[in-house]
Amino acid sequence: MDYQEFLDSVDREAYHEGEWRWQEGEYTVTRTNHWSPPGCHNGCGVLLYVDKEGKLAHIEGDPLAPFNGGKLCMRCLDMVEAVNHPDRLKYPMRRAGKRGENKWERISWDEAYEEIVEKVNAVKRDFGSHTILFVHGTGRNIGWQLPLFASTALETPNVCNFGFTGFACYLPRMIGASAKMGEMTIIDVSETHEQRYADPSFKRPEVIMVWGNEPLKANADGFLGHWILECMQMGTKIISIDPRLTWLGAKAEYWLQVRPGTDGALGIAMLNTIINEDLVDHEFIDLWCYGYEQLVESVQGKDADWAAEICGLDADDIRGAARLYATAENASIQWGLAFEQQLSALGVTAAACDLMGVTGNIDNPGGNLLIKCAFDIEKRYGLGDFKIPRENYAGKLTLSAGIESSDIVACASSDALLHAVETGEPFMPQIIWLQSANPLSCSGMDAPRMYEAINKIPYCVVADPFMTPTAVAHADIVLPVAMSCERNSVRTWWTPARSISKCTSYYESKSDEQIILELGRLLKPENWPWKDDKELSTWYLTDQYAEGGTRYEGDFEELQARGGYKYDPWDAEYYKYEKGMCRPDGQPGFDTATGRFEFWSWGYNHWGVDPMPYHLEPKDSPVSTPEKFEEYPFIATSGGRSYEFFHSEHRQLETMREFHPWPLVTIHPDAAAEYGIEDGDWVWIETTHGRCRQKAFLFPGIKRDTIHLEHAWWYPEEEPAEPSLYGTFDSNINNMALNFETGQGGIGSGIKSFLAKIYKYQEGDQMPGEKVTREGGWGDYIPGVMAGDKESAEKQAAEGNDALQKQLENARRVQSLKVKDADMQGRNALEYAKEHADEVIK
569 MDYQEFLDSV DREAYHEGEW RWQEGEYTVT RTNHWSPPGC HNGCGVLLYV DKEGKLAHIE
629 GDPLAPFNGG KLCMRCLDMV EAVNHPDRLK YPMRRAGKRG ENKWERISWD EAYEEIVEKV
689 NAVKRDFGSH TILFVHGTGR NIGWQLPLFA STALETPNVC NFGFTGFACY LPRMIGASAK
749 MGEMTIIDVS ETHEQRYADP SFKRPEVIMV WGNEPLKANA DGFLGHWILE CMQMGTKIIS
809 IDPRLTWLGA KAEYWLQVRP GTDGALGIAM LNTIINEDLV DHEFIDLWCY GYEQLVESVQ
869 GKDADWAAEI CGLDADDIRG AARLYATAEN ASIQWGLAFE QQLSALGVTA AACDLMGVTG
929 NIDNPGGNLL IKCAFDIEKR YGLGDFKIPR ENYAGKLTLS AGIESSDIVA CASSDALLHA
989 VETGEPFMPQ IIWLQSANPL SCSGMDAPRM YEAINKIPYC VVADPFMTPT AVAHADIVLP
1049 VAMSCERNSV RTWWTPARSI SKCTSYYESK SDEQIILELG RLLKPENWPW KDDKELSTWY
1109 LTDQYAEGGT RYEGDFEELQ ARGGYKYDPW DAEYYKYEKG MCRPDGQPGF DTATGRFEFW
1169 SWGYNHWGVD PMPYHLEPKD SPVSTPEKFE EYPFIATSGG RSYEFFHSEH RQLETMREFH
1229 PWPLVTIHPD AAAEYGIEDG DWVWIETTHG RCRQKAFLFP GIKRDTIHLE HAWWYPEEEP
1289 AEPSLYGTFD SNINNMALNF ETGQGGIGSG IKSFLAKIYK YQEGDQMPGE KVTREGGWGD
1349 YIPGVMAGDK ESAEKQAAEG NDALQKQLEN ARRVQSLKVK DADMQGRNAL EYAKEHADEV
1409 IK
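Taking our numbering, the leading residue of the sequence shown gets 569, the next gets one more, and so forth.
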């Protein structure tokens, strides 16, 4: 593939290079980027065509945008349908009946703001601002705006993804990599270079290990899956680690069909092979690493034969994959959500980072890059939290004295807040604010428990583009949110820095930026000096409360005029650790506690987490609970992405539903035959905790004892009111997920590895929505007990609560220290960890 030839072939005059808006016949064309809503983690360059009536009429990819080079996924190509969909929320609305009845009255924005301000100020006065719980979704579109609003207007530290146990989305990889190498890491497929593959310093990876990730569908966190295909066209080889055969797996040199929840053992065995066969990069280890001797010792006796039995793999395939990765001139690991949705979340993250380290594939061309957000525009979660009154900041709820209270995690603990709602201890949350979040359908593990908990909170605000099951069930006020093409905003998610430009509007919907600006001025005017969204965006690009500001030079209009993107040379540089570009003191090395890549991690140790790679057997599995496996003979995994949907979004769109009309449970044909199940049958999937219904998809690319369920399903075409709630419980895998069940350090959860049974749906079977909203669910948990199910609660009671109480006391102690040092953020906390090594909390 000659990428320079492609660049030279683009008719730049036809695509109005140097312009961001122009006229083409009756259409006004805007060059911009797209991100949520509707949902997306990326920021592809697009050309938006708006007609004379001001409606979005057409979208196409921008071939001048280096990020995507004119390519768009099917969701983005269908954006016109989403933006103009008649089911979008058009006006603010107030609940006019009981919660769950779906009765609303239209109100003005002024009326909505007046009621909200009155409620918020009353709660601040009577209960304290920390009793406000703020929840936002994962679109990466509001990662700085909403935390800023929560901190500086609502003045609450309790920002989290409510119900999402174990911070089980990206955060474990982020903090694990930061502890090991001082920065986050992504694979190098030329995305940091404006000239992309034509940049002379770039070398395509010889091998890419795609681990627990389906990048062609996921396109997650600033990474466009198609980039891997372009590298494959240039000769890159693939190793696929996945319980299901994916498109990339079918093209791989090795497909390691790992048992869900055992990736840590696999990573350790690959390290064992590479170390014991002396395939390591001795120069990198000797010059730049710390703790290698401890790593060598820790993997002894844990070879490919050991892991093969645990993971259900062939030992020779483990060795072969390890050798292919280690002997490549350059190689990278593209990791995914499966890392944190298992109990060994930080263990498998450590293993992957250590594989990069022992082979020297860190910040080299075609390896795993050291990466940060462009121009140091990094602050998102926790932005502005120093402005929260200290007495209210002390009400930030955490369960872990290590990771959560170190402030490398800015969010409050979802489990601690759930416990507060169920017990009123240490306080009862008074308001829950949900913006672009739909926890009942998507992120709320144990959805029936979430339903009961949110209903206990006296006042609920929901802001969203559509009416959702969560809004119908709980909201007192609903605010209509604008979509991507209806807002001015900026963001960084690695590089480049990007802007989006408003080119249309929809009825009375307002952008996230408009909502927080207008409410911020009403609630705390001294914290909200910006006159409009453009000025707010400029502040975020250049200031964001950072000492000395960021490295960005310019403003919103300048970025917009550039076509909406600007690349940071820092991210494009290789071997930054050799050049003094990582450490604050400007010396060569890594921005870690030791200044080196850490095989033995001071951060992990300070958090009370095993500093070496580790494997924890899933809570329920053929190994840990063989008796249960006899009754529930399938290992259930979940959450694989689709081309058509982004989490719980896009279910209203006829085009997407034509491609993907129903939720699918993937079953091996031989297993389905044993249960009399045919392709397309409705099937119950049941655990000891609950059940849901999905349609059978028979596929030989999954093991006979494994099934895969789709997440985040609901049916906008069904009845909104209870007991249906758009059918959100009927196909919801979170009926079977558990709160409070986490890995070491309170990080990771087991939602991709649990035991289940399957059987055919029969006409007349009771639907889960009826069971949850009318009968209280399946009853397999005890409200107020910090356990996911009755079995765990009984075990906790038998063992006594001393350990739990000590954990809570430690969390409170560390929190009190942190209140005095609100500026201890991120890697500063890792420095603190090394300096206070004698105070490790176990």
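Cβ atoms here follow ideal geometry from the backbone N, Cα and C, with glycine treated the same way.
Item, Value
"Asp1014, buried or exposed, once every other Cβ within 10 Å from all chains shown has been counted against 16", "buried"
"Three-way DSSP call (helix, strand, coil) for Cys799 in this model", "helix"
"Cβ-based burial, Asp931 [other Cβ within 10 Å; buried from 16]", "buried"
"Same chain, Cβ closer than 7 angstroms to Glu1254, five either side skipped, listed in chain order", "Ala1324 and Lys1325"
"Residues bridged to Gly950 [DSSP beta-bridge criterion]", "Arg948"
"Selected residue, minimal CA-CA separation from Trp815, among Trp1098, Ala786, Thr841 and Asp1101", "Ala786"
"Beta bridge counterpart(s) of Val618 as assigned by DSSP", "Thr596 and Leu624"
"Limits of the alpha helix (DSSP H) - the one that Cys921 falls within", "Ala913 to Val926"
"Phe1338 versus Val1251: straight-line alpha-carbon distance, rounded", "The sequence shown places Glu at residue 1338, rather than the Phe named in the question. Rounded to whole angstroms, Glu1338 to Val1251 spans 18 angstroms at the Cα level."
"Residues near Gly637 by beta carbon distance below 8 angstroms, same chain, minus five either side", "Phe574, Gly629, Pro631 and Arg764"
"Separation of Tyr858 from Lys1144, as counted between CA atoms", "18 angstroms"
"Complete alpha helix (DSSP H) runs within the region 772-830 (minimum length 4 residues, chain order)", "783-786, 794-801 and 815-818"
"Burial state of Gln1220 (16 or more Cβ within 10 Å)", "buried"
"Three-state secondary structure assigned by DSSP to Ile1203", "strand"
"CA-to-CA distance, Leu813 to Gly1248, given in whole angstroms", "20 angstroms"
"Burial state of Ala1262 (16 or more Cβ within 10 Å)", "The sequence given here has Gln at residue 1262, not Ala. Flag for Gln1262 reads buried."
"Distance, Ala1239 Cα to Tyr1283 Cα", "28 angstroms"
"C-alpha distance - Glu782 paired with Val1233, whole-angstrom precision", "17 angstroms"
"Span of the alpha helix (DSSP H) around Glu1338", "Pro1336 to Glu1343"
"Three-state secondary structure assigned by DSSP to Asp1032", "strand"
"Contacting residues, own chain, Cβ-Cβ under 8 angstroms from Asn936 (five flanking each side not counted)", "Thr753, Ile754, Ile755, Asp756, Ser900, Ile901, Met924, Asn929 and Ile930"
"Local Cβ density within 10 Å of Pro1351, reported as buried at 16 or more and exposed below that", "exposed"
"Cβ pair count under 8 angstroms reaching 3, the region 1276-1295 against the region 1197-1208", "yes"
"Neighbour flag for Gly793 against chain C, beta carbons, 8 angstroms", "Annotation note: the requested chain C is absent from the structure, which comprises a single protein chain."
"Those runs of the alpha helix (DSSP H) which lie wholly inside the region 636-687 and span at least 4 residues", "642-645 and 647-651"
"DSSP three-state assignment for Ser1067, whether helix, strand or coil", "strand"
"Distance between Tyr822 and Leu881 (C-alpha atoms, nearest Å)", "11 angstroms"
"C-beta atoms of Met802 and Lys819 nearer than 8 angstroms", "no"
"The region 949-959 touching the region 983-990, judged by at least three CB pairs closer than 8 angstroms", "no"
"Element boundaries [alpha helix (DSSP H), containing Leu714]", "Gln713 to Phe717"
"Distance between Tyr1113 and Glu585 (C-alpha atoms, nearest Å)", "35 angstroms"
"Three-way DSSP call (helix, strand, coil) for Met1224 in this model", "helix"
"Assigned exposure category for His1236 - 16 Cβ within 10 Å defines buried", "buried"
"Collapsed DSSP secondary structure at Gln1082 in the structure displayed", "helix"
"Coarse secondary structure for Ala1114, derived from DSSP in three states", "coil"
"Rounded distance between the beta-carbons of Ser697 and Asn1412, thought under 8 angstroms", "With the chain represented from 569 up to 1410, any question about residue 1412 goes unanswered, as that position is not in the structure."
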